[in-house]
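Numbering-wise (the working numbering), the sequence shown opens with residue 48 and increments by one. Every residue, glycine too, gets a C-beta built ideally from N, C-alpha and C. In what follows, a structure is listed as structure tokens, so that the remarks can point back to it.
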Amino acid sequence: MFRAEIRPGIELRLLEERHAPALFHRIQHDRDYLREWLPFIEATHGEDDTLAFIRASLEQFSSNEGFAAGIWGGELMGVIGTRKIDWMNRKVEVGYWIGREFQGRGIMTDACRLVIDHLFSDLDLHRVEIQCATGNQKSAAIPRRLGFTLEGTRRQAELVNGKFLDLLVFGMLRQDWRGVRLPWTP
Ligand SMILES: CC(C)(COP(=O)(O)OP(=O)(O)OC[C@H]1O[C@@H](n2cnc3c(N)ncnc32)[C@H](O)[C@@H]1OP(=O)(O)O)[C@@H](O)C(=O)NCCC(=O)NCCS
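This is the structure we're talking about:
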């Protein structure tokens, strides 16, 4: 297991099987708000589904292909993680979501900063991507705040609630990363 402090009282912890109930509870609690942008919400019907997601992400972690971490501040607030690492090209995409009541505090920007620092500094990746729907301004504000470059738009690249959404592609290269090195405990 790893954990890393984002700020006092808030930390990232690798998602483990025992977190499945807390993860499902968070999704249930914020279902209407999360489903607007996250296609997997519609396919999450019970704790079995969150458990399957956690198992898959633990397998991903044990194969050195990425991870999913919970954001904890007394309770599970949200999730940040990576898609499968493309080791051939030393790049990966980061994804995230946080409960509605925890928005607007900069928690996800700080979580992204920590994770991206880990990806460049510890895993020696060359490129990190963040993609979000063109209408998802709160999500797009995060890579913008972190100095990512908007590189283009993937047209109708994601099917959410029956609609194909255009995705903005933001990229950060290792040599351009100005993140602050924070403690990361493997
Ligand atoms: C996308 C999402 C994670 C953004 O959450 P967020 O809380 O806006 O993001 P941050 O944690 O970076 O917080 C930024 C906000 O906190 C404020 N803030 C306060 N302290 C801050 C700090 N120290 N640093 C940065 N921002 C800070 C910012 O001004 C900003 O507020 P604003 O939206 O009123 O301008 C969240 O809206 C979400 O989970 N949405 C649903 C799922 C989703 O869309 N996921 C992404 C799919 S691509």
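Closest by C-alpha distance to PHE71, when choosing among ASP96, LEU215, GLU89 and GLN184 = ASP96
Burial state of PRO233 (16 or more Cβ within 10 Å) = Low local confidence applies: a pLDDT of 43 at PRO233 is under 50, so the model's placement there is unreliable, with the coordinate-based value given in what follows. Under this definition PRO233 is an exposed residue.
Neighbourhood of GLN107 by C-beta distance below 7 angstroms, restricted to the same chain and skipping five residues each side = GLY113, PHE114 and LYS131
Does the region 153-160 touch the region 82-100, meaning 3 or more C-beta pairs lie closer than 8 angstroms?
-> no
Contacts around GLN203, its chain only, beta-carbon distance under 8 angstroms, and the 5 residues preceding and following it disregarded | PHE211, LEU212 and ASP213
CA nearest to the CA of ASP164, picked from ALA67, LEU220 and VAL216 | LEU220
Can you give the Cα-Cα distance for GLU140 and ASP133, rounded to whole angstroms?
-> 9 angstroms
ALA103 vs LEU59 beta-carbon contact at 7 angstroms = no
In terms of residue numbering, what span does the alpha helix (DSSP H) encompassing ALA99 cover?
-> 94-109
Once you ignore the five residues that flank GLU52 on each side, which residues in its own chain have a CB closer than 6 angstroms to its CB?
-> GLU58
Could you give the DSSP three-state label for PHE49: helix, strand or coil?
-> coil
Regarding MET219 and ligand 1, is the C-beta to nearest heavy atom distance less than 6 angstroms?
-> no
heavy atom of ligand 1 below 6 angstroms from GLY209 C-beta | no
Is TRP144 closer than 7 angstroms to GLY120 when the C-beta atoms are compared?
-> no
Should ARG225 be labelled buried (16 or more other beta-carbon atoms within 10 Å of its own) or exposed?
-> exposed
Do LEU172 and ARG147 have their CB atoms nearer than 7 angstroms?
-> no
Looking at C-alpha atoms only, which residue of MET135, CYS179, PRO55 and GLY93 is the closest neighbour of ILE118?
-> PRO55
Specify, as a first and last residue, the run of the alpha helix (DSSP H) that ALA158 falls within.
-> 154-168
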